[in-house]
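S.K.:
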Amino acid sequence: MEVFDMREFDGHELVLFGHDAATGLRAVIAIHSTTLGPAAGGCRMWPYATTTDAVTDVLRLSRGMSYKNAMAGLPFGGGKAVLIGDSRTAKSPELFAAFGRMVDSLRGRYVTAEDVGTTTADMAHVARVTRYVSGLGRSPGEAGGDPSPKTALGVFLGIRAAVRFRLGRDDLQGLTVAVQGAGGVGYHLCGLLAAAGARLKVADVLPRAVERVCDEFGATPVAAVKVLEEESDVLAPCALGAILNTRSIAQLRATVVAGAANNQLAQGQDGEALRAAGVLYAPDYVINAGGIISVAREYYGGTEAQVLEDIERIPARLTEIFERARRENRTTNEVADRMARERLGREPQRLVA
Ligand code: NAD
């Protein structure tokens, strides 16, 4: 595997492979940039088919964290860790302690947290051996805890900013929002949207998740395979990445796409297809920063009130991107990438999302 020649390699500062025979740990930590602070980003556990798949993912995700942290104005660089294994069968306290020792060996250059396949409980085992971990829970009034409601709040405020920019409306009363994925973030987002008077169309592959938002928030269920084609004012992807591609964009019937899912564009150039279709796209790593904002305040020691203040800055940041995109005749994702790279002191680059 030629790491330095991989398409996802973007001048990363460090790629560290870790192995522990006793626990079966196979991990890769990637630090994309520490220009703005210690590299922060979660630890994903996934049964990657090959080591190359794991490295591809960790390089891409760590660069994304640099962008997300830079755009959120956080004193963090970008990093990520992946553990190769099935989170349903391969976890043990010892495995996470072994991972924690690997994190500790970097002496604070990388700060970890939970991500797909890992939980707060797993991070508690990491915290036994290193202090470079966040997302551990909190006392009342302190920053931290479950990041999903914080991410949902940022997405909700971001949707309002996008609606104001694209539709000239100050409220969401009577607008239709199609939500793909009613999990941790989607559920809380539906609550906020319903309270603001939006009409909800919700899809999830888990019938239980859909029933819950229909019961609690009066949402209308839609088929998971059809949700991207639903007629709506706003489409809020809150499930999977890479859902926006040439084929799906041609089927879209929304005017705004603004949701929590990471890496919504299959490729950077799909932003151009959205723009050509008259769809305003809220760059994912800008609108979904509420969770990392909470993690950052927890790590550095802050309050819940400070977390909310920071999240309230997300809509202004998005509006700046929308305005710059219009002024410069560029896509919103390209503008966001450029702004992030300016903050990181890196040259602009046409990137694959
Ligand atoms: P989650 O796993 O709790 O929820 C995702 C939901 O999507 C699940 O209910 C799942 O059944 C559903 N789903 C999966 N495939 C689907 C499909 N094809 N169609 C419809 N629904 C489908 O995850 P989450 O924490 O709510 O995160 C949602 C997205 O937001 C993810 O992409 C995540 O990476 C991103 N994100 C989350 C946070 C956070 O704070 N949790 C922060 C930033 C970004």
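Quick note: the sequence shown uses my numbering, first residue 390, plus one each step.
Each residue gets a CB set at the ideal place from its N, CA and C atoms; glycine is no exception.
Is Cys627 a contact residue of the ligand NAD, with contact defined as CB to any heavy atom under 7 Å?
M.R.: yes
S.K.: Using the Cα positions of Pro704 and Asp409, report the straight-line distance between them to the nearest angstrom.
M.R.: 44 Å
S.K.: According to DSSP, simplified to helix, strand and coil, what is Cys579?
M.R.: helix
S.K.: So, Val668 versus Ser523, is the Cβ gap smaller than 8 Å?
M.R.: No, these two residues do not count as a Cβ contact at 8 Å.
S.K.: Between which residues of its own chain and Arg730 is the CB-CB distance below 6 Å, once the five residues before and five after are set aside?
M.R.: Pro737
S.K.: Run the CB neighbour count on Pro529, radius 10 Å, all protein chains shown included, and call it buried at 16 or more, exposed below.
M.R.: exposed
S.K.: When you measure from the CB of Asp604 to every non-hydrogen atom of the ligand SAH, does any distance come out below 7 Å?
M.R.: As presented, the structure is devoid of the ligand SAH, carrying the ligand NAD as its sole ligands.
S.K.: Compare the Cα-Cα distances from Pro464 to each of Ala470, Ser455, Val471, Leu472 and report the closest residue.
M.R.: Ser455
S.K.: Classify Phe488: buried if its beta carbon has 16 or more other beta carbons within 10 angstroms, exposed otherwise.
M.R.: buried
S.K.: Would you mind stating whether Leu564 and Val611 have Cβ atoms separated by less than 8 Å?
M.R.: no
S.K.: With DSSP as the reference, identify every bridge partner of Val409, one or two as the case may be.
M.R.: One point to set straight first is that residue 409 is Asp, not Val, in the sequence displayed. For Asp409, which the question treats as bridged, DSSP gives the partners Leu414.
S.K.: Skipping 5 residues on each side, what residues in its chain have a beta carbon closer than 6 Å to that of Phe406?
M.R.: Around Phe406: Val417.
S.K.: Three or more C-beta pairs closer than 8 Å, one from the segment 674-689 and one from the segment 598-610: is that the case here?
M.R.: no
S.K.: Across which residues does DSSP place Gln653 in a beta bridge pair?
M.R.: The partner list for Gln653 (beta bridge, DSSP) is empty, contrary to what the question assumes.
S.K.: Assess contact between the segment 443-462 and the segment 479-488, defined as three or more Cβ pairs (one per stretch) separated by less than 8 Å. Is contact present?
M.R.: No contact exists between the segment 443-462 and the segment 479-488.
S.K.: For Val566 and Met390, what's the separation of their Cα atoms in angstroms?
M.R.: 44 Å
S.K.: Starting from Met434, trace the beta strand (DSSP E) in both directions and tell me its first and last residue.
M.R.: 432-435
S.K.: State yes or no: is the C-beta of Ala541 within less than 8 Å of the C-beta of Glu693?
M.R.: Their beta carbons are not under 8 Å apart, which means Ala541 does not touch Glu693 by this criterion.
S.K.: Measure from the C-beta of Gly667 to each C-beta in chain C and report whether the shortest distance is under 8 Å.
M.R.: Note that chain C does not occur in the displayed structure, where there is just one protein chain.
S.K.: Along the beta strand (DSSP E) that carries Thr565, what are the first and last residues, could you check?
M.R.: 565-569
S.K.: Quick one: complete beta strand (DSSP E) runs, 3+ long, within the segment 577-659?
M.R.: 588-592, 623-626
S.K.: Between the segment 486-503 and the segment 655-665, do at least 3 Cβ pairs fall closer than 8 Å?
M.R.: With contact defined as three or more Cβ pairs closer than 8 Å, the segment 486-503 and the segment 655-665 are not in contact.
S.K.: For Val741, collect the residues of the same chain with a Cβ closer than 6 Å to its Cβ; drop the 5 residues on either side in sequence, then sort them by chain order.
M.R.: Unreliable placement is indicated for Val741, whose pLDDT of 45 sits below 50; no coordinate value is reported for it.
S.K.: Quick check on Glu731: does DSSP put it in helix, strand or coil?
M.R.: helix
S.K.: Which residues in the same chain as Arg490 place their Cβ atom closer than 6 Å to its Cβ, once the five residues preceding and following it in sequence are excluded?
M.R.: Val518.
S.K.: Sort out for me which residues DSSP pairs Ser422 with in a bridge.
M.R.: Gly467
S.K.: Within the continuous alpha helix (DSSP H) that includes Ala705, where are the two ends?
M.R.: 703-717
S.K.: Report yes if the CB atom of His421 is closer than 8 Å to the CB atom of Gly462, and no otherwise.
M.R.: no
S.K.: Pull up the CB-CB distance for Asp593 and Gly570, whole angstroms please, since I reckon it's below 8 Å.
M.R.: 6 Å
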